[in-house]
Structures are given as structure tokens and as C-alpha cells.
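Participant:
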Amino acid sequence: MSESGVNDDRSYSQRTIIEAGQKVKFVDLGTSFTPAFDKITSVLVVPFTQDGLIICAHLDRGIDLPGGHVEVDELTCEVTARREVMEEVGVTLGELKLVKVIQSDYYGSEPEQLTYIVVMTAFVEDILPGECTHESSGRSIIDIEQFIAQYQAGDKEDMHRIVLDAKKVL
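The sequence shown: position 70 = 72 (my numbering), numbered continuously.
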């Protein structure tokens, strides 16, 4: 995996949108589009308890949902999702369901430069003892509104929509 978090077999010759001083545009594609797996850069997971609470991670950027970059040896989004959830919040998940695909122009807006974030959700099966992991300083089990009130890592409206869409899928 390169420092940018993208699979090493990808090569992008131009600067990222952020390096060019622009804002990244995210487009919610719903579930109607399935990108080629090599264009998926990361997976975001909304893990719910059976009573509708969210398990979220305490990361350097603040409270957030578990998720991260697809690693070179991972062949499915499900593998990435399960690994990231274990690493960041120490839980195992039941059946993962697709919530949506989000298109990103981080590497540019030409079709070959677009990348994708896959959002998945599942019910939590087991919460492992201990709260700190090597990737987070702890976890919280809170309701949706508490999570959104504390969320500062990105756009609150976008995150609220993601979480509500995930809840509908379950």
C-alpha cells in the first residue's frame, strides 16, 4: 500500500485535488452502480447494536465510524470492512449489507481518475473486551443523534445521511 492509502498497482501522474488546492467532491451513487474492485479505495462501516445504537471509534480526527483503505491482499469489500471494524472498535459483525457507493474525485475528475468508497452496515455479533486497539483510543456505543453531535471529521449532513441510510438497510 502506498502512503496515499491506494493499492500500489495504481499510478496517478497528477496531483490530488487537495494538493491542487481544491475541495474533493463526493457523489452518492446509491446501490445502482458497482465499480470495478480496483477502483474502490476504501470501505466505511456503520456497525449497529441490536437496539439501534452505533459503535464508533475514537480516532485522532475525533469520533468517527470505522473504516479504511482496501489493502493490496484484500479481494473483497467485506474482508476490508471486517478487518477495519476489528482494528478500530474491536467487534465482530453479522451479515454485511451494502448501503451505498460514493464516488470521489480525489485523484481527478476524468473517468479513469475517479475512485469509490463503499459504505456497508451490519449488526454487531460480539464486542471484544477492552476498548483501545492499535488504531483507536477507544470506542463509544451511542445513538445516532449523539454520534452526529460529536462528529467533526467531515460534513455532518453527509454523515447523518449515511447513518440513516444504513439504518434503513437493516
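Where a beta carbon is used, it is the ideal one built from N, C-alpha and C, also for glycine.
For F28, which beta-bridge partners are listed by DSSP?
Facilitator: Answer is S106.
Participant: As a quick exercise: from K99, Y118 and M88, pick the residue whose alpha carbon is nearest that of T36.
Facilitator: Among K99, Y118 and M88, the Cα nearest to that of T36 belongs to Y118.
Participant: Have a look at G70, L31, Q24 and I56 and flag the residue whose alpha-carbon is nearest the alpha-carbon of V45.
Facilitator: Nearest of G70, L31, Q24 and I56 to V45, Cα basis: G70.
Participant: Using a Cβ-Cβ cutoff of less than 8 Å, which residues in the same chain neighbour I150 once the five nearest sequence positions on both sides are dropped?
Facilitator: The answer, listed in chain order, is K158, M161, H162 and V165.
Participant: Taking the beta strand (DSSP E) that R141 falls in, what are its first and last residues?
Facilitator: Note, R141: beta strand (DSSP E), R141 to I144.
Participant: Assign T82 to buried or exposed, taking buried as 16 or more other Cβ atoms, counted over all protein chains shown, within 10 Å of its Cβ.
Facilitator: The residue in question, T82, is buried, as its Cβ has 16 or more Cβ neighbours within 10 Å.
Participant: Could you tell me the distance, in whole angstroms, from the CA atom of L31 to the CA atom of T43?
Facilitator: Computed Cα separation, rounded: 15 Å.
Participant: Give the secondary structure of A124 by DSSP, where H, G and I count as helix, E and B as strand, and everything else as coil.
Facilitator: Correct three-state label for A124: strand.
Participant: Would G96 pass as an interface residue toward chain D - the criterion being a Cβ-Cβ separation below 8 Å?
Facilitator: Judged by its chain identifiers, the structure shown contains no chain D, having just a single protein chain.
Participant: Please work out which residues of its chain come closer than 6 Å, Cβ to Cβ, to S138, disregarding the five sequence neighbours upstream and downstream, and give them in chain order.
Facilitator: Hits under 6 Å: A59, H60, L61 and E90.
Participant: So, for L55: in the same chain, excluding its five sequence neighbours on each side, which residues have a beta-carbon less than 7 Å away from its beta-carbon?
Facilitator: Cβ neighbours of L55 beyond the five flanking positions: I143, I144 and D145.
Participant: My guess is that V171 and D128 are in contact by the Cβ rule of under 8 Å, so how many angstroms apart are they, rounded?
Facilitator: Contact flag wrong, Cβ pair sits at about 21 Å.
Participant: Which value, in whole angstroms, describes the spacing of the CA atoms of E5 and E73?
Facilitator: For E5, the pLDDT reaches just 42, beneath the cut-off of 50, and the residue's location in the model is therefore unreliable, although a value from the coordinates is still provided. Straight-line Cα distance between these residues: approximately 12 Å.
Participant: Taking the straight line between their C-alpha atoms, what separation do you get for V47 and E86?
Facilitator: So the two alpha carbons sit approximately 8 Å from each other.
Participant: Can you tell which of L98, K102, Q115 and Q52 has the C-alpha that lies nearest to the C-alpha of A124?
Facilitator: Among L98, K102, Q115 and Q52, the Cα nearest to that of A124 belongs to L98.
Participant: Quick check on the burial criterion: 16 or more other C-beta atoms within 10 angstroms. Buried or exposed for A38?
Facilitator: When all chains shown are included, A38 counts as exposed.
Participant: Roughly how many angstroms lie between the CA atoms of E80 and R63, to the nearest whole one?
Facilitator: Rounded to whole angstroms, E80 to R63 spans 24 Å at the Cα level.
Participant: Provide the residue span of the beta strand (DSSP E) that contains T43, from first to last.
Facilitator: I42 to F50 is the span of the beta strand (DSSP E), which, as asked, contains T43.
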